[in-house]
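Some notes on the structure that comes next.
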Amino acid sequence: MLRNLSFARQILPVAALIGVALGAWLIFFGLPDRSTSEPAEQPPKAVGKLAEGPRVAGAGIVEPSSEVIDIGSALSGLVTDVRVQPGDRVGKGEVLFTVDARAARASLDQAGAAIGEARAAIAEANAAQSTARQQLALYRNLDDPAAVSRAEVIRAEGEEAAATSRLGLARARLAAAQSAAAAARTEIERLVIRAPIAGEILAVNIRPGEFVATQGGGNSQPFIQMGETNPLHVRVDIDENEVARVALGEPAVISPRGAAELHVNATFVRAEPQVVPKRSLTNSAAERVDVRVLQLIYALPQSDAFRVGQQIDAFIPAKAAAAKKGG
Numbered sequence: 073m074l075r076n077l078s079f080a081r082q083i084l085p086v087a088a089l090i091g092v093a094l095g096a097w098l099i100f101f102g103l104p105d106r107s108t109s110e111p112a113e114q115p116p117k118a119v120g121k122l123a124e125g126p127r128v129a130g131a132g133i134v135e136p137s138s139e140v141i142d143i144g145s146a147l148s149g150l151v152t153d154v155r156v157q158p159g160d161r162v163g164k165g166e167v168l169f170t171v172d173a174r175a176a177r178a179s180l181d182q183a184g185a186a187i188g189e190a191r192a193a194i195a196e197a198n199a200a201q202s203t204a205r206q207q208l209a210l211y212r213n214l215d216d217p218a219a220v221s222r223a224e225v226i227r228a229e230g231e232e233a234a235a236t237s238r239l240g241l242a243r244a245r246l247a248a249a250q251s252a253a254a255a256a257r258t259e260i261e262r263l264v265i266r267a268p269i270a271g272e273i274l275a276v277n278i279r280p281g282e283f284v285a286t287q288g289g290g291n292s293q294p295f296i297q298m299g300e301t302n303p304l305h306v307r308v309d310i311d312e313n314e315v316a317r318v319a320l321g322e323p324a325v326i327s328p329r330g331a332a333e334l335h336v337n338a339t340f341v342r343a344e345p346q347v348v349p350k351r352s353l354t355n356s357a358a359e360r361v362d363v364r365v366l367q368l369i370y371a372l373p374q375s376d377a378f379r380v381g382q383q384i385d386a387f388i389p390a391k392a393a394a395a396k397k398g399g
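Following this note's numbering, the numbering of the sequence shown begins with 73 at its first residue and continues without gaps.
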């Protein structure tokens, strides 16, 4: 009995100490690291006066000041030549690409031949008409009407009328041939696709030898995309619940996504007249797309930090801040 008590007094304290030490070790090394550290990237934030006053934040995207123009083709055919590549600056009316125009040129040649035939027919009809009129005038001016039979006079009148009719028909054929030639030249010109404005080529999705069809909408890829990138604009989405707070006309602070330390002041251009459904910009599961937004357009200053299609964060003064500034 005494021996059992002595064992319990000696062993149990040791076991308790071991358990406490083991528990402390597990607690110390098993807890997650809760120490604070600086984030790899700073989130976007307002700077200057906007950092101290009321403001409205929004996300947006960089676009050309002309918006992106999708270049299509008025006529279907094989691409014979592509004159531009992404990054090129082009002037208004400059050739972008050409479509096979052999059929149109053949039509132009046919119209040219028809024009030649019609002009020859006009010359022949003019000569016949002149001869018939002279003959008829001769018969009518004879001193002795009995010198020519009535049948001869009638025949001369018929020849004059026939020549006049052939002349009118030849002139009509000439007009038709000239119209066909003009139509062929127009079709040839339509097969040369030109820049509608001066701007920068953003994307080229065609190659020589590929077939292009007239675009009727849908999800078809544009053959060429271009736009005026000097200056660039940003299209900022403002939640409809925040629209009443925005100080329209005030400059905005813009930061490119992923470079929160860079800030530029953008000039207000316009507000779109419609409030539209928001489209997903970040593809994040946390991004709300079941809201409607007002789109504000701002002009960016010259900067190499912005590209067409790039996402940005925008900070716009609220009306309270604008009123304070005005006062």
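The beta-carbon is built from N, C-alpha and C at its ideal position, and this holds for glycine as well. Note that this is a predicted model, so its numbers are computed, not measured.
DSSP lists no beta-bridge partner residue for Ala249. For Val341, the enclosing beta strand (DSSP E) begins and ends at 336 to 349. Taking each of Gly144, Glu312, Ala176, Leu368 in turn and checking the Cα distance to Thr258, the smallest one comes out for Ala176. Shown here, Pro328 sits in a strand according to DSSP, grouped into three states. The Cβ atoms of Ser179 and Ala244 do not sit closer than 9 angstroms to each other. For the pair Gly132 and Arg307, the CB atoms are nearer than the 9 angstroms cut-off. Excluding residues up to 5 positions away in sequence, Gly165, Glu166, Val167, Leu168 lie with their Cβ nearer than 7 angstroms to the Cβ of Arg266 in the same chain. The beta carbon of Thr339 sits closer than 7 angstroms to the beta carbons of Pro323, Tyr370, Ala371 from its chain, once the five residues preceding and following it are set aside; these are given in chain order.
When the beta-carbon positions are compared, Val336 and Leu366 stay at least 9 angstroms from each other. Between the C-alpha atoms of Arg262 and Gln157 there is a straight-line separation of about 21 angstroms. Assignment of beta-bridge partners to Phe169 by DSSP yields Val154, Ile265. Here Pro349 is exposed. Its C-beta has fewer than 16 other C-beta atoms within 10 Å. Between Asp153 and Pro280 a beta carbon distance of about 6 angstroms is seen, short of the 8 angstroms cut, so the two are scored as contacting.
In the three-state reduction of the DSSP assignment, Gln207 falls in the helix class. Just so you know, the alpha carbons of Ala146 and Glu232 end up roughly 49 angstroms apart. Here Ile194 has Leu239, Ala242, Arg243, Leu246 as same chain residues with Cβ atoms under 8 angstroms from its own Cβ, once five neighbours each way along the sequence are excluded.
As computed with DSSP, Phe387 is found in a beta bridge with Ala129, Val325.
Put simply, of Asp362, Ala316, Ile326, Ile260 the residue whose alpha carbon is nearest the alpha carbon of Ser375 is Ile326.
When only Cα atoms are considered, Ile83 and Val92 end up about 14 angstroms apart. Here Ala316 is exposed, its C-beta having fewer than 16 other C-beta atoms within 10 Å. The Cβ-Cβ distance between Ala270 and Gly144 does not fall below 9 angstroms. CA-CA distance, Val363 to Pro303, rounds to 30 angstroms. In the displayed model, Gly144 falls within coil according to three-state DSSP, outside both helix and strand.
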